[in-house]
Amino acid sequence: MSSSSYLLYLVGIMSTATVILLAMVLLSKIQELKRIKLTLESLKKSLDEMDEQAKLIMRTDIELNKTQENLDKKITALYSLQRLARLISTTLQEEEIFRRIDLSHLEDIGFEKALGFLWRDKENKFSLSLAVGYAENETKSIESFLDTHQEFFLDLIKSEKTFSSLSLASSRIPKEDIMRIFKVNSFVIAGLLPKEGSKGFLFVGTERTDTLLTEGDEELITILSNQLGQALENARLFEKTWNAQQDLEKKVEERTHELTLALEEVKKISKRKTDFISSVSHELRTPLTSIKGYASILLAEKLGPLQPEIRERLEKINRHSDELVHMVNDLLDISRIESGKVAMKQEDQNLKKIVQDVLDLLSVQLKEKNIELSVDIPPDAYAVFVDLNQIVRVFINLIGNAIKFTPYQGKISILAHKIERRVQVDITDTGCGIPKEAQELIFEEFYRVDNPVNQQVKGAGLGLALVKHIIEAHGGKIWVKSSPGMGATFSFTLPRTEENYGDKNIGR
Ligand code: ADP
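As C-alpha cells, this is what we get:
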C-alpha cells in the first residue's frame with residue numbers, strides 16, 4: 000500500500016471514529032435532556048399541588064374568620080340576653096317588664112322588631128303589651144290580623160312550640176303571610192307561658208336579608224320568652240300576695256276600729272259600774288256604821304241589861320253588820336283601785352316575812368283543819384317591791400280560800416321563784432278544784448262556783464276580784480290551774496326589788 004493510500008485509509012478510519020464519537024455524545028445529551036424534562040414535569044406537578052394547598056388554606060382561613068365572626072355575634076347576643084334577663088327579673092310590675100325590652104337589646108340578638116301579646120279572657124282577644132320597631136298604625140293592623148286568626152295563635156301558645164321563618168312544616172297560616180303582615184323577612188314566635196295569669200306570645204323579627212336566621216337564633220328567642228314568662232309569673236304572684244296583704248290590712252284596720260269602739264263602750268260601762276258600786280257602797284256605809292254602833296251600845300248594856308235571846312240576836316246583828324262592812328269595804332277598794340284612785344305604795348319588802356305573818360294570822364284555821372303546810376321561798380325571791388298592806392290582803396284571800404276549799408288533813412304549799420325581773424308565787428291546795436269554764440269567771444266580782452263548800456260557807460265572791468286588781472296594779476298577772484276534785488294552784492307575779500332601782504314607777 001502506498002503511503003498516500005495508507006493516509007487516506009487512516010483519515011477514513013479517524014473520520015468514522017469521530018462520527019461514532021459524535022453520535023455517542025449526541026445520544027448522551029439527548030438522554031440528559033429527557034431526564035431534565037422529566038424533572039421539570041415533576042417540579043411543575045409539585046408546584047400545582049402546592050398552589051392547590053395554598054388555595055385550601057386561604058379558603059379555610061376565610062371560613063374560620065366567618066365562624067369567629069358568628070361566634071362573636073352569638074356571645075354578644077348571649078351577653079345581651081343575660082343583661083335583659085337581669086333587667087326584667089328585677090321588677091315586679093307587669094308593664095315595666097315589657098317596657099324594659101328596647102331596641103338595643105334586640106339588635107344585639109340580631110333583630111330590630113318585637114311584639115308581645117297577652118290573651119285577655121274578659122275581652123276575648125289578644126292585647127298588645129310590647130311593641131318595638133312598629134308604628135301605631137302597623138300594630139293596629141297586626142292586632143286586627145290576630146283577631147281574625149285567634150285560633151291559630153292560641154293553638155300555637157298551647158303547643159308550647161316555637162314557630163319561625165325556619166319552620167319547615169306547612170301551617171294554617173303560611174309563614175310568608177306572617178312575614179308580609181308583620182313586615183319582616185325572618186321571624187320567631189315563642190309562647191309566654193307564666194303559670195300564674197294569662198298567657199301570650201312574643202314575636203321578634205328582622206327586615207334584613209343579609210344574615211340568615213339560624214336554629215341558634217330560635218333557641219335564643221325561646222330562652223328570652225321563658226325568662227319573660229318567669230318574670231310575668233313573679234310579678235303576678237307578687238301582685239296576688241300584695242292584694243291579699245292589702246285586704247288583710249284593711250280587715251285588720253276595720254276590726255281594730257270596731258274593737259276600739261267596743262273597748263270604749265266597755266270602758267264607759269265599766270266606769271258607770273264602778274261609779275255605781277262606789278256610790279252604793281258609800282250610801283251603805285253610813286247606815287251600817289250606825290247599825291253597828293247601836294248594836295255595840297246595846298250589847299255593852301249601856302241602855303239596860305239584856306235578855307239572853309235579845310243578846311243572841313244583837314250579836315247576830317253585830318256579826319252580819321261586820322260582814323256587810325267588810326263586803327262594802329272590799330267593793331269600795333275594788334272600784335277605787337279600778338279607777339286608779341288608790342295608788343300602790345310600793346316599797347322594798349321581804350316576801351318570806353309577808354307569807355310568814357299571814358300564816359301566823361291564819362294559824363287557827365290551819366290547825367282546825369289539821370292542814371299540812373309547806374313553804375318554799377328561796378332567798379333570791381325574798382326581795383319584792385310591793386305595797387305591803389295590799390299584798391298582805393292578797394295572801395290572806397288566797398291562803399284563806401285554799402284553807403276554805405281544802406278538806407280536813409289536806410295539803411297546802413306556797414312556793415316562790417324568781418323569773419327575770421319578777422317573782423312568781425304558786426299557792427297550791429288539795430281542795431275541790433275549779434271547773435275549766437269557771438276559771439276565768441272567778442276573778443270577776445260576785446262570781447262563786449256552785450259547789451258543796453260554797454253552799455255551806457258564806458262569801459260575796461269579791462275576794463279574787465280584789466286580789467286581781469291589786470296584782471295588776473303592781474304590774475303583775477294572776478291565773479289559776481285546776482281540775483275539779485284535784486285541787487287548785489293560784490299563781491301570780493310580783494315585781495322584784497332590783498328592777499326598780501333608779502325608777503320607782505317601773506313596778507306599777
Ligand atoms: P268567795 O271565796 O267569797 O266566794 P272569791 O272571789 O274569793 O270569793 O272566790 C270566788 C270563787 O272562786 C269561790 O266562790 C270559789 O268557787 C272559787 N275558789 C276560789 N278559790 C278556790 C280554791 N282554792 N279552790 C276551789 N275554788 C276556789
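Once you know that position 204 of the sequence shown is 203 in numbering that gives the first Met the number 0, the rest is easy, because the numbers rise by one and skip nothing. For each residue, glycine too, the CB sits at the ideal point set by N, CA and C.
Buried or exposed by the 16-neighbour rule on C-beta atoms within 10 Å, applied to residue i
i, result
"aspartate 50", "exposed"
"asparagine 499", "Model confidence at asparagine 499 stands at a pLDDT of 46, short of 50, so the residue's coordinates are unreliable and nothing is read from them."
"isoleucine 441", "buried"
"tyrosine 78", "exposed"
"isoleucine 398", "buried"
"phenylalanine 445", "exposed"
"histidine 325", "exposed"
"lysine 503", "Confidence in lysine 503 is poor, its pLDDT being 41 and thus under 50, which makes the residue's placement unreliable; the coordinate value appears in the next sentence. So lysine 503 counts as exposed."
"glutamine 455", "exposed"
"phenylalanine 404", "buried"
"glycine 303", "exposed"
"valine 183", "buried"
"glutamine 245", "exposed"
"valine 251", "exposed"
"isoleucine 19", "exposed"
"lysine 193", "Reading off the sequence shown, one finds proline at residue 193, where the question assumed lysine. Under this definition proline 193 is a buried residue."
"tyrosine 5", "exposed"
"isoleucine 336", "buried"
"glycine 484", "exposed"
Of the residues the options, the one placed nearest residue i, counting alpha carbons only
i, options, result
"glutamate 497", "Glu263, Ala234, Ile418 and Thr15", "Ile418"
"aspartate 107", "Ser4, Thr75, Leu231 and Pro483", "Thr75"
"serine 338", "Lys352, Ser27, Lys315 and Lys266", "Lys266"
"leucine 223", "Ser289, Ser170, Glu206 and Leu83", "Leu83"
"serine 509", "Leu260, Phe144, Arg235 and Asp321", "Outside the displayed range of the chain (0 to 507) lies residue 509, so it cannot be described from this structure."
"aspartate 329", "Gly462, Ser158 and Thr38", "Gly462"
"proline 173", "Val341, Lys157 and Phe152", "Phe152"
"alanine 518", "Lys457, Asn453 and Ile477", "Outside the shown range of the chain (0 to 507) lies residue 518, about which nothing can therefore be said."
"tryptophan 241", "Gln229, Val203 and Leu91", "Leu91"
"isoleucine 469", "Asp425, Ser1, Gln244 and Asp332", "Asp332"
"lysine 435", "Ala459, Glu218, Thr488 and Leu387", "Thr488"
"alanine 299", "Thr285, Asn317 and Leu21", "Asn317"
"glutamine 345", "Met57, Val424, Val383 and Arg447", "Val383"
"lysine 352", "Gln81, Val374, Ile370 and Glu367", "Val374"
"leucine 414", "Glu439, Gln408, Glu443 and Asp379", "Asp379"
"arginine 495", "Gly474, Met485 and Gly486", "Gly474"
"lysine 366", "Ala243, Pro406 and Thr38", "Pro406"
"threonine 429", "Lys73, Gly486, Val341 and Ile156", "Gly486"
"methionine 178", "Lys160, Thr205, Ser170 and Gln30", "Thr205"
"lysine 157", "Glu175, Gly190 and Leu42", "Gly190"
"glycine 228", "Gly11, Thr273 and Glu93", "Glu93"
"lysine 124", "Ala113, Glu142, Glu135 and Gly115", "Glu142"
"alanine 342", "Ala472, Lys291, Lys249 and Val357", "Ala472"
"leucine 219", "Thr210, Val203 and Glu232", "Val203"
For residue i, the three-state DSSP class (helix, strand or coil)
i, result
"leucine 414", "strand"
"threonine 210", "coil"
"phenylalanine 384", "strand"
"lysine 73", "helix"
"isoleucine 477", "strand"
"glycine 520", "Residue 520 lies beyond the range of the chain shown here (0 to 507); nothing can be said about it."
"asparagine 504", "With a pLDDT of only 40 at asparagine 504, under 50, the local geometry of the prediction cannot be trusted, and no value is derived from it."
"asparagine 520", "There is no way to answer for residue 520, as the model of the chain reaches only from 0 to 507."
"serine 45", "helix"
"leucine 365", "helix"
"leucine 91", "coil"
"proline 286", "helix"
"isoleucine 376", "coil"
"threonine 405", "coil"
"serine 1", "coil"
"asparagine 499", "With a pLDDT of only 46 at asparagine 499, under the threshold of 50, the placement of this residue in the model should not be trusted; the figure read from the coordinates follows. Reduced to three states, the DSSP call for asparagine 499 is helix."
Sheet register partners of residue i (DSSP bridge)
i, result
"threonine 205", "Ser185"
"valine 279", "Partner(s): none; valine 279 has no beta bridge."
"arginine 421", "Ile418 and Pro494"
"glutamate 371", "Lys410"
"glutamate 346", "Val385"
Cβ of residue i within 7 Å of any chain B Cβ
i, result
"threonine 66", "The chain labelled as chain B is not found in the depicted structure, where only one protein chain is given."
- request: Counting only runs of 4+ residues fully inside the stretch 147-193, write out the alpha helix (DSSP H) ranges in chain order.
  value: 149-158 and 174-181
field: Residue ranges of each alpha helix (DSSP H) within the stretch 293-344, 4 or longer
entry: 307-337
Length-filtered (4 minimum) alpha helix (DSSP H) runs lying within the stretch 97-154: 102-108 and 135-147
message: I'd like the ranges of any alpha helix (DSSP H) spanning at least 4 consecutive residues and lying wholly in the stretch 423-497.
response: 451-455 and 462-472
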